[in-house]
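Chains as they are written, first to last, in the working numbering: chain L, 301 to 647; chain C, 6 to 322.
Working notes, beginning with the structure itself.
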């Protein structure tokens, strides 16, 4: 029987979320910084495998929370870190990264016009930086199989704390958290349902790439770590709907989370209400600090016409996944591959 | 090691007993808490069967009679005698007599049962009561890998290192196990000749999840979750020592109202698990046993079943 022990370092503490009851059959998995799970796991494994010597520079393309997690762990390990980011990186995040010793390299604003947008430009810049350094290690969160593997620890926590999990709802980015968590939860509970939450004009589940207002959700490039066959259902949630749900999560449950969490909460609350016998958990990946001046600012919301957004009561089911429509749509993905779904729906 | 309670007079014998088991609830590779991965298992005890060993001391060399795994028993006796070499009344050698009703070669722990009974018999002769950890260490030194039948409680036991990685609880929740041999009349499995499983990183990660689930299942007495853990462990083991028709057996178990299927990971036996606290459990177990025979398997055990009341029997019939 295990006993509670003190953490050796900050990043160890950040790996473990709080499980918080949000409804009779709904639990929130509330993280301060979920990306700490893959960041810590990948860097520790690289260290063990001799890929992270004292002079090795860690390089990664990210403009978000994965970069922060890497910077925290790199500070513990005393390694240099270069992050290639979008030009629009959040100023507070930027200050934290720099204070932790990371070098932040921003791609130019003009990169948004090329195919694949900033994400493609960041990858090109990353390759350029690596070619000039003798010894680098890139965690590659989008392709590294250690990313999904690292989420076995979340599955352990869910099984130990809850025992039965009938449905997991969570936002999808690299695919690591949802695919990893579901794979390992299903090692014990094979029928556990997976509901992926995406946003309009994200390529992850078939939409054509396009401008997205919602930060932290949706992708312009398809990550290798996204295993589409994990998902039973996909939901596309618009920025205003996600914002309103984020605020509701805060007001009702005092959980101060970012808008990807809000989007997932919107879906999970609806689904768990419709399936009162199914124990549902919703992954809430990070806190709201970066969104104080936006999602949590009524003036900002009002200026965009989002302040009076009523939460949609339920999603609109769509019969094809590749056409963005409405603030909240859903599609029965049915654990098929990306190719299978798109062939079937375009036939 | 405790202080000898009294010294046996010459001509006395030592007696030891050890129970059998019915395979495992979980077997795989686990973090020992320091980052080192160790092979470990959670044994499903079968207390109704076992081995009894009698140690007849002599100043001659060591011999073994009975029908046990001779080499391992002889080694166990020798190790145990070595342990007591400084004891004033120790014997140079002797004879081990084994009486066992544990079937051999199908994964019911006949070898560990013989070995443990032997170690206990030698200790008994010396008037010493060994701790479970000491017996485990001697057993592993005699047979390379042992099950955890000598240890009370539900433990994750590193079978090649004789280390308890975790104690889940004092006892398993009340359940009924309907056991059977999936390859009746087969040649059996030679535990030592069978190559240790080479688990993938993903399988090792899954074992961590199974361990966490089992921790909860034992703490909460959750036989449903425990059954799921056993089934998952059996599925992973298919890559290493496949049970013929495992998926069909898992489906049979579900239809029969069982919570899961456990197997001997280095044997041929399997067992349907039932929650003994659910109404109708004895009848379900009887039906399961009849079904096992119908499917052509040989029943090996009915563990934890209270005899059903007479009227219940009639209903089941």
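Every residue, glycine too, gets a C-beta built ideally from N, C-alpha and C.
Quiz item: When you compare only the Cα positions, how much space is there between residue 424/L and residue 630/L?
Solution: Position 124 of the first chain, counting from 1, holds the residue named residue 424/L. Position 330 of the first chain, counting from 1, holds the residue named residue 630/L. Approximately 34 Å between the Cα atoms of the pair.
Practice problem: Report the three-state DSSP secondary structure of residue 54/C (helix, strand or coil). | Solution: For this step, residue 54/C is matched to residue 49 along the second chain. DSSP places residue 54/C in strand when its eight states are reduced to three.
Self-check item: Contacts around residue 2/C, its chain only, beta-carbon distance under 6 Å, and the 5 residues preceding and following it disregarded
Solution: No answer is possible for residue 2/C: the residues shown for chain C start at 6 and end at 322.
Self-check item: Start-end ranges of the alpha helix (DSSP H) lying completely within the segment 80-136 of chain C, minimum 4 residues
Solution: 115-130
Quiz item: Quick one, which residues of the segment 252-271 of chain C are near chain L if we go by CB-CB under 9 Å, in chain order?
Solution: none
Exercise. Pair every Cβ in the segment 615-627 of chain L with every Cβ in the segment 370-385 of chain L, then say whether three or more of these pairs are closer than 8 Å.
Key: no
Quiz item: Just the Cα atoms here: how many angstroms apart are residue 108/C and residue 187/C?
Solution: Residue mapping note: residue 108/C aligns to position 103 of the second chain, counting from 1. Residue mapping note: residue 187/C aligns to position 182 of the second chain, counting from 1. Answer to the nearest angstrom: the Cα atoms are 14 Å apart.
Quiz item: What's the C-alpha gap between residue 47/C and residue 419/L?
Solution: The residue labelled residue 47/C in the question sits at position 42 within the second chain. The residue labelled residue 419/L in the question sits at position 119 within the first chain. Taking the straight line from one Cα to the other gives about 48 Å.
Quiz item: DSSP state of residue 636/L, grouped into three classes?
Solution: By one-based count along the first chain, residue 636/L stands at place 336. Coil at residue 636/L, not helix or strand.
Quiz prompt | chain L contacts made by the segment 138-172 of chain C, where a contact means CB separation under 7 Å | solution = 172
Exercise. May I ask you to list the residues that DSSP assigns as paired with residue 631/L?
Key: For the purposes of this step, residue 631/L is taken as the residue at position 331 of the first chain. Note: residue 631/L sits in a beta bridge opposite 534/L.
Quiz prompt | Residue-chain proximity (residue 246/C, chain L), Cβ-Cβ < 8 Å | solution = The sequence position of residue 246/C within the second chain is 241, counting from 1. No, because no Cβ of chain L sits closer than 8 Å to the Cβ of residue 246/C.
Quiz item: Whose Cβ in chain L lies nearer than 8 Å to the Cβ of residue 210/C?
Solution: The residue given as residue 210/C occupies position 205 in the second chain. Going along chain L in sequence order, the residues near residue 210/C (Cβ under 8 Å) are 449, 452, 484.
Self-check item: Nearest neighbour of residue 184/C, chosen from 42/C, 36/C, 50/C, 85/C [CA to CA]
Solution: What you label residue 184/C is simply residue 179 of the second chain in a count that begins at 1. It is 50/C.
Quiz item: Nearest to residue 85/C by alpha carbon, out of 237/C, 62/C, 226/C, 266/C?
Solution: Here residue 85/C is taken as the residue at index 80 of the second chain, counted from 1. Taking only the C-alpha atoms, the option nearest residue 85/C is 62/C.
Quiz prompt | residue 149/C - DSSP class collapsed to helix/strand/coil | solution = Here the question's residue 149/C lines up with position 144 in the second chain. Residue state, collapsed to three classes: coil.
Quiz item: Exposed or buried, residue 608/L, counting other C-beta atoms within 10 Å across all chains shown (16 or more means buried)?
Solution: Mapped onto the first chain, residue 608/L falls at position 308. Its Cβ having fewer than 16 others within 10 Å, residue 608/L is exposed.
Quiz item: When the Cα of residue 200/C is compared with those of 216/C, 244/C, 212/C, 309/C, which residue comes out closest?
Solution: Sequence index remark: in the second chain, residue 200/C carries index 195 (1-based). Selected option, being the one with the closest Cα: 244/C.
Quiz item: For residue 614/L, which option in 643/L, 566/L, 599/L has the closest C-alpha, if you only look at C-alpha atoms?
Solution: Stepping through the first chain from its first residue, residue 614/L is reached at position 314. Here the closest residue by C-alpha is 566/L.
Exercise. Examine chain L for any beta-carbon lying closer than 8 Å to the beta-carbon of residue 207/C, and answer yes or no.
Key: In the second chain, counting from the first residue as 1, residue 207/C sits at position 202. So, interface residue.
Quiz item: When you compare each of 236/C, 296/C, 301/C, 291/C to residue 307/C by their alpha carbons, which one comes out closest?
Solution: Mapped onto the second chain, residue 307/C falls at position 302. Considering only alpha carbons, the answer is 291/C.
Quiz item: So which of 140/C, 180/C, 281/C, 213/C has the shortest CA-CA distance to residue 22/C?
Solution: Counted from its first residue, the second chain places residue 22/C at position 17. It is 140/C whose Cα lies nearest to the Cα of residue 22/C.
Quiz item: Using Cβ-Cβ distances below 8 Å, what residues of the segment 455-466 of chain L are close to chain C?
Solution: 455, 456, 457, 459, 460, 461, 463, 464
Quiz item: Which stretch, first to last residue, makes up the beta strand (DSSP E) that contains residue 180/C?
Solution: Here residue 180/C corresponds to residue number 175 of the second chain, with the count starting at 1. That run of the beta strand (DSSP E) goes 180-186.
Quiz item: At a CB-CB cut-off below 7 Å, which residues of chain C make contact with residue 488/L?
Solution: Within the first chain, the letter at position 188 stands for residue 488/L. Under the 7 Å cutoff, chain C gives 214, 215, 218, 233, 234, 237.
Self-check item: Short Cβ contact (8 Å threshold) for residue 231/C with residue 264/C
Solution: Along the second chain, one-based indexing puts residue 231/C at 226. Along the second chain, one-based indexing puts residue 264/C at 259. It is a contact, given that the beta carbons lie within the stated cut-off.
Exercise. Spell out whether any CB of chain L is found under 8 Å from the CB atom of residue 282/C.
Key: Here residue 282/C refers to the residue found at position 277 of the second chain. Answer no: the Cβ-Cβ gap between residue 282/C and chain L never drops below 8 Å.
Exercise. Kindly indicate which three-state DSSP category residue 304/C falls into: helix, strand or coil?
Key: Taking the first residue of the second chain as position 1, residue 304/C is located at position 299. Looking at residue 304/C - three-state DSSP - the assignment turns out to be strand.
Self-check item: Contacts of residue 221/C in chain L (Cβ-Cβ under 9 Å)
Solution: Here residue 221/C is taken as the residue at index 216 of the second chain, counted from 1. Near residue 221/C (Cβ distances below 9 Å), the residues of chain L are 459, 460, 461, 462, 463.
Exercise. State yes or no: is the beta carbon of residue 135/C nearer than 8 Å to at least one beta carbon in chain L?
Key: For the purposes of this step, residue 135/C is identified with residue 130 of the second chain, where counting begins at 1. No - not a single Cβ of chain L is within 8 Å of the one on residue 135/C.
Exercise. Determine, using beta carbons only, whether residue 225/C comes closer than 8 Å to chain L.
Key: On the second chain, position 220 is the one that residue 225/C refers to. Yes, its Cβ sits closer than 8 Å to a Cβ of chain L.
Quiz item: Taking the alpha-carbon positions, what's the residue 189/C to residue 270/C distance?
Solution: What you label residue 189/C is simply residue 184 of the second chain in a count that begins at 1. What you label residue 270/C is simply residue 265 of the second chain in a count that begins at 1. Approximately 16 Å between the Cα atoms of the pair.
Self-check item: Residue(s) in a DSSP beta bridge with residue 318/L
Solution: Here residue 318/L refers to the residue found at position 18 of the first chain. Answer by DSSP bridge pairing, in chain order: 330/L.
Exercise. Please check the pair residue 334/L and residue 559/L, which I expect to be a contact at CB under 8 Å, by giving their CB distance rounded to whole angstroms.
Key: Numbered from its first residue, the first chain carries residue 334/L at position 34. Numbered from its first residue, the first chain carries residue 559/L at position 259. No, residue 334/L and residue 559/L are not in contact; Cβ-Cβ is about 14 Å, not under 8 Å.
Self-check item: Length of the line joining the Cα atoms of residue 203/C and residue 305/C
Solution: Within the second chain, the letter at position 198 stands for residue 203/C. Within the second chain, the letter at position 300 stands for residue 305/C. Using only the alpha carbons, I get a separation of about 29 Å.
Quiz item: Does any residue of chain L bring its CB to less than 8 Å from the CB of residue 230/C?
Solution: Counting from 1 along the second chain, the entry for residue 230/C is found at position 225. At least one chain L Cβ lies under 8 Å of residue 230/C.
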